[in-house]
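**Q**
Numbering (the UniProt record's numbering), first residue to last: 1 to 277.
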């Protein structure tokens with residue numbers, strides 16, 4: 001059984017290898033065909049024209065990316081490439097014709113002006129008929145008016161460009177001014193915030209100082225009270241010994257006095273308390 005599985009495994013691996021090789025060969029053949037078709041179109045249509053070559057290469061690339069290559073589709077590709085190249089040529093030709101037409105019209109106008117000026121001068125010299133002079137003058141006015149309109153249109157375009165530049169400068173200047181105003185406002189806010197923080201700190205420090213002074217005053221007052229109590233207790237001790245009842249009643253006071261003054265604490269330890277008789 002293990003031998004059979006081994007044979008089946010090797011057979012499957014060989015099949016995968018052959019399939020991979022076949023796909024690679026198909027891709028290679030397709031790429032070779034694409035390059036051959038591309039070279040042929042470039043040779044036929046655009047051997048020394050880089051722009052046409054770019055158009056052809058794009059069309060061929062799109063075709064091989066989306067079409068299944070057969071004899072019929074290759075014919076369709078040929079038609080597509082010729083149409084793309086001819087369209088590009090037609091567009092270029094139209095642009096060139098339009099430019100040539102504009103140049104020709106300009107040249108004709110200049111020649112007409114020269115002819116009219118020459119004819120007008122000749123008519124003055126030769127004293128031609130008034131009708132001819134009027135016609136020449138009418139044509140001259142027409143040409144001059146046309147040139148004036150064209151010059152006015154050119155000046156209007158230039159003025160529009162100048163106005164656009166002015167508006168752009170004003171816009172940029174306004175932005176800079178607004179930015180400067182925002183910066184000043186931010187600086188003012190920061191200054192006010194710093195002043196508030198400084199005032200709060202001063203108030204806090206003053207509050208702490210007053211609290212410390214109050215604590216000192218309370219402590220001092222407490223010490224004075226304790227001293228008065230100690231003085232009173234000493235006076236009583238000198239007069240006579242305390243009874244047990246008096247000692248118990250003044251236990252907390254005596255403890256506070258002893259905590260404040262070790263000497264009095266020592267005296268209290270040596271004090272002999274009398275009991276009831």
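In this text, a Cβ means the ideal position worked out from N, Cα and C, and glycines have one as well.
(1) Give me, in chain order, the residues of the same chain whose beta-carbon lies closer than 8 angstroms to that of residue 212; leave out the 5 immediate sequence neighbours on both sides.
(2) Decide if residue 200 is buried, meaning its Cβ has at least 16 other Cβ atoms within 10 Å, or exposed.
(3) Hey, how far is the Cα of residue 162 from the Cα of residue 189?
(4) Here's the rule: buried if 16 or more other CB atoms are within 10 angstroms of the residue's CB, otherwise exposed. What is residue 233?
(5) Do you know offhand how far residue 205's Cα is from residue 235's?
(6) Tell me the rounded alpha-carbon separation between residue 139 and residue 54.
(7) Give me, in chain order, the residues of the same chain whose beta-carbon lies closer than 7 angstroms to that of residue 186; leave out the 5 immediate sequence neighbours on both sides.
(8) Might you give, ordered along the chain, the residues of its own chain that have their beta carbon closer than 6 angstroms to the beta carbon of residue 223, omitting 5 neighbours on each side?
(9) Classify residue 154: buried if its beta carbon has 16 or more other beta carbons within 10 angstroms, exposed otherwise.
(10) Report the rounded CA-to-CA distance for residue 197 versus residue 171, giving the unit in angstroms.
(11) Expressed to the nearest angstrom, what Euclidean distance is found between the alpha-carbon atoms of residue 167 and residue 183?
(12) Measure the alpha-carbon distance for residue 272 versus residue 209 and round it to whole angstroms.
(13) Does the beta-carbon of residue 145 have 16 or more other beta-carbons within 10 angstroms, so that it is buried, or is it exposed?
(14) If you count every other CB in all the chains shown that lies within 10 Å of the CB of residue 136, and 16 or more means buried, which is it?
**A** With the structure as the only source:
(1) In the chain shown, residue 212 corresponds to position 212, counting from 1. Closer than 8 angstroms at the Cβ level, and outside the excluded window around residue 212, lies no residue.
(2) As a first step, residue 200 must be located in the chain shown, where it is residue number 200. Under this definition residue 200 is an exposed residue.
(3) Here residue 162 refers to the residue found at position 162 when the chain shown is read from its first residue. Here residue 189 refers to the residue found at position 189 when the chain shown is read from its first residue. Rounded to the nearest angstrom, the two C-alpha atoms are 40 angstroms apart.
(4) As a working mapping, residue 233 is identified with position 233 in the chain shown. Classification of residue 233: buried, given that the 10 Å Cβ count is 16 or more.
(5) In the chain shown, residue 205 corresponds to position 205, counting from 1. In the chain shown, residue 235 corresponds to position 235, counting from 1. Using only the alpha carbons, I get a separation of about 44 angstroms.
(6) By 1-based counting over the chain shown, the position of residue 139 is 139. By 1-based counting over the chain shown, the position of residue 54 is 54. When rounded, the distance between both Cα atoms is 50 angstroms.
(7) Position 186 of the chain shown, counting from 1, holds the residue named residue 186. Here the set comprises nothing.
(8) Looking up residue 223 in the chain shown gives position 223. The answer is none, since no qualifying residue turns up.
(9) The residue you call residue 154 lines up with position 154 of the chain shown. Exposed: under 16 other Cβ atoms inside 10 Å.
(10) In the chain shown, the residue the question calls residue 197 occupies position 197. In the chain shown, the residue the question calls residue 171 occupies position 171. For residue 197 and residue 171, the distance between alpha carbons rounds to 39 angstroms.
(11) One-based indexing of the chain shown puts residue 167 at position 167. One-based indexing of the chain shown puts residue 183 at position 183. Roughly 24 angstroms between the two C-alpha positions.
(12) In the chain shown, the residue the question calls residue 272 occupies position 272. In the chain shown, the residue the question calls residue 209 occupies position 209. Note that residue 272 scores a pLDDT of 41, beneath 50, so its modelled location is shaky and nothing firm can be said.
(13) Position 145 of the chain shown, counted from the start, is the residue given in the question as residue 145. The residue in question, residue 145, is exposed, as its Cβ has fewer than 16 Cβ neighbours within 10 Å.
(14) Residue 136 sits at position 136 when you count from the first residue of the chain shown. By the 10 Å Cβ count, residue 136 comes out buried.
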